[in-house]
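For reference, the structure discussed in these notes is given below.
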């Protein structure tokens, strides 16, 4: 909605420029209010707890979705 108002009233470029102050405010809030937890795990513990099967499945799903979007209108399977 805001992008449509910008393109009608000012220019379509303002729809992208408006993200800069919003991102700067978000970065400032993260810088001042983020609490870092103390490191208490080793790298090996993080690797042991990582969900490699979930990573593989989500990557395969996203790749299949993107391939479907890419070839959906140009060719039939």
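Residue numbers (the numbering used here): 245 to 321. Glycine residues also receive a C-beta, built at the ideal position from the N, C-alpha and C atoms. These figures come from a predicted structure and were not determined experimentally.
Segment limits, alpha helix (DSSP H) that includes residue 283: Unbroken run through residue 283: none, as it is neither H nor E.
Tell me the rounded alpha-carbon separation between residue 298 and residue 260. 34 Å
Residue 302: first and last residue of the uninterrupted alpha helix (DSSP H) it sits in: Its alpha helix (DSSP H) spans residues 296-315.
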